[in-house]
Amino acid sequence: MNSRLSLLTSTIALSVSIGSISFSIPKADAALLVGNTRGDNVVIYDDAGNFRGDFIAPGAGGLLDPDDLTFGPDGNLYVSSGSGSSGEILRYNGKTGAFIDTFATGGLIRPYGSAFGPDGKLYVSSFLTDQILRFDGKTGAFLDVFASAKEIPSSDRKSGQLNGPNDLLFTGDGRLLVTTQGSVAIADPTKPGSFKADFSGGFASQILSYDLSTGQSSVFVDQPTPSPDSFGFVSFLGLATNPQGDLFASDFANDIRRYDLSSGAAKQTISTNYTGVVPSTSFIGNLTFDPNGTLYSVGFDQTTNQGAILRYDGFSGAPLPSAGNSSAIYVPTNKALKRPIGITYTAIKIPESEAVVGTVAIGLLSGLLLKRRDRASSAIE
Numbered sequence: 081m082n083s084r085l086s087l088l089t090s091t092i093a094l095s096v097s098i099g100s101i102s103f104s105i106p107k108a109d110a111a112l113l114v115g116n117t118r119g120d121n122v123v124i125y126d127d128a129g130n131f132r133g134d135f136i137a138p139g140a141g142g143l144l145d146p147d148d149l150t151f152g153p154d155g156n157l158y159v160s161s162g163s164g165s166s167g168e169i170l171r172y173n174g175k176t177g178a179f180i181d182t183f184a185t186g187g188l189i190r191p192y193g194s195a196f197g198p199d200g201k202l203y204v205s206s207f208l209t210d211q212i213l214r215f216d217g218k219t220g221a222f223l224d225v226f227a228s229a230k231e232i233p234s235s236d237r238k239s240g241q242l243n244g245p246n247d248l249l250f251t252g253d254g255r256l257l258v259t260t261q262g263s264v265a266i267a268d269p270t271k272p273g274s275f276k277a278d279f280s281g282g283f284a285s286q287i288l289s290y291d292l293s294t295g296q297s298s299v300f301v302d303q304p305t306p307s308p309d310s311f312g313f314v315s316f317l318g319l320a321t322n323p324q325g326d327l328f329a330s331d332f333a334n335d336i337r338r339y340d341l342s343s344g345a346a347k348q349t350i351s352t353n354y355t356g357v358v359p360s361t362s363f364i365g366n367l368t369f370d371p372n373g374t375l376y377s378v379g380f381d382q383t384t385n386q387g388a389i390l391r392y393d394g395f396s397g398a399p400l401p402s403a404g405n406s407s408a409i410y411v412p413t414n415k416a417l418k419r420p421i422g423i424t425y426t427a428i429k430i431p432e433s434e435a436v437v438g439t440v441a442i443g444l445l446s447g448l449l450l451k452r453r454d455r456a457s458s459a460i461e
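Below, the structure written as structure tokens:
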């Protein structure tokens with residue numbers, strides 16, 4: 081009887097002790113933030129590829145169809161948000177994900193890429209007005225229209241113009257690169273007050289280069305041959321550079337393409353078809369590098385919108401699947417990723433998830449109790 085009472089007392093004491101231990105488990109370095117365009121949220125994955133929940137909760141601060149994720153010079157996260165009739169850049173705490181404010185609004189309709197320039201200004205591509213707008217980098221006040229094809233009628237449009245601007249990236253020598261999808265923004269007849277992208281003109285999807293001092297543009301990378309894994313089209317989306325200084329561009333239709341950042345010459349094509357079928361059933365979002373030069377991208381199934389995270393060696397382009405996965409699959413297709421497009425790397429501390437803590441605690445408790453029972457059993461016998 082005394083042994084059983086002792087066992088019960090020990091169990092309670094161990095439970096309390098393990099409860100304390102669980103709170104002292106070291107925090108993990110988070111690796112990736114991913115924006116869900118169909119979840120209206122931003123989720124976080126740690127550097128082991130584990131899902132860690134929401135970094136920005138669904139709809140927080142009015143978040144709608146988040147696209148580009150950009151860390152500003154102040155360390156905060158700037159997220160492109162909006163629909164066919166609205167647009168804004170929302171600012172969130174870069175460490176906690178807490179909403180700070182609506183940073184920029186004027187003139188934006190379905191903003192995509194954003195980037196802080198060497199002049200301290202925030203540049204934003206307004207996809208459904210075919211413009212790049214500039215805002216004060218500290219206050220968010222609207223400054224001016226940096227580039228535009230809005231005033232050019234569809235019948236007069238040509239490839240090489242700002243047809244469906246997407247991602248933005250500044251080079252070390254001060255140029256602004258922008259991907260275009262080859263579309264023209266037009267009024268949506270089914271939704272008064274809204275706009276949509278019209279691809280009927282057959283304009284090329286390209287990477288344009290802008291001179292900041294003159295605003296003049298040129299075609300830096302012309303439309304390549306469509307990926308053999310695609311449905312026969314090209315739609316340049318994300319831009320990033322690796323530590324070697326090469327330019328990487330993701331193609332929504334499939335593949336990541338590598339270019340010389342000085343000349344625009346093609347250097348490599350990296351397959352993103354992780355589905356195993358041709359044409360691929362998935363589309364590709366943005367891309368990002370971690371400090372070690374590892375390349376990450378996101379994709380999603382076009383029928384279910386469920387997404388996956390892909391990983392590559394950023395120097396060789398070789399796929400780097402996680403254990404148990406094939407191709408370049410780092411995080412396999414799952415419901416937590418809902419038509420993901422934006423992705424960025426960040427080095428912040430996040431607490432262990434409840435599931436991890438619970439598993440550790442239960443394991444410790446079970447092992448310690450087993451030893452207690454063994455000793456108690458020996459005493460009774």
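If you want this note's numbering, it's the position in the sequence shown, counting the first as 1, plus 80. In this text, a Cβ means the ideal position worked out from N, Cα and C, and glycines have one as well.
So, helix, strand or coil for Asp236, using DSSP? helix
Residue ranges of each beta strand (DSSP E) run of no fewer than 3 residues wholly in the region 377 to 417, ordered along the chain? 386 to 393
Measuring CB atoms only, is the region 419 to 433 touching the region 368 to 386, in the sense that at least three cross pairs come out at less than 8 angstroms? yes
Tell me, please, which residues DSSP counts as bridged to Ala39. Only positions 81 to 461 of the chain appear in this structure, which leaves residue 39 out of reach.
Do you know how far the Cα of Arg214 is from the Cα of Gly187? 10 angstroms
Who are Arg338's beta bridge partners in DSSP? Phe328 and Gln348
Burial state of Phe311 (16 or more Cβ within 10 Å): exposed
For Gly273, I'd like the list of residues in its chain whose CB is within less than 6 angstroms of its CB, leaving aside the five on either flank, ordered along the chain. Ser165
Rounded to the nearest angstrom, what separates Lys201 and Gly217 at their Cα positions? 4 angstroms
Are the beta-carbon atoms of Ser161 and Ile189 separated by less than 8 angstroms? no
Can you tell me whether Phe151 is helix, strand or coil according to DSSP? strand
Just to confirm before moving on: does the CB-CB distance between Ala398 and Leu367 stay below 8 angstroms? no
Where Ala435 falls, given that 16 or more other Cβ within 10 Å makes a residue buried: Reliability of the predicted coordinates at Ala435 is poor, the pLDDT of 40 falling under 50, and the value obtained from them is presented with this limitation in mind. By the neighbour-count rule (16 or more Cβ atoms within 10 Å), Ala435 is not buried but exposed.
Starting from Leu223, follow the beta strand (DSSP E) in both directions and report where the run begins and ends. Phe222 to Ser228
Three-state secondary structure (DSSP) at Gly186? coil
Taking the alpha carbon of Asp154 as the reference point, which residue from Arg132, Leu144, Ile180 and Pro146 has its own alpha carbon closest? Ile180
State the Cα-Cα distance for the pair Gly365 and Arg337, rounded to the nearest angstrom. 13 angstroms
Cα-Cα separation, Gly404 to Leu327: 30 angstroms
Considering only residues of the same chain and omitting the five flanking positions on each side of Ala140, which have a CB-CB separation below 7 angstroms? Phe179
Please name the residue in Thr176, Pro233, Lys175 and Ile169 whose C-alpha comes closest to that of Tyr203. Ile169
Cα-Cα separation between Ser234 and Asp268, rounded to whole angstroms: 15 angstroms
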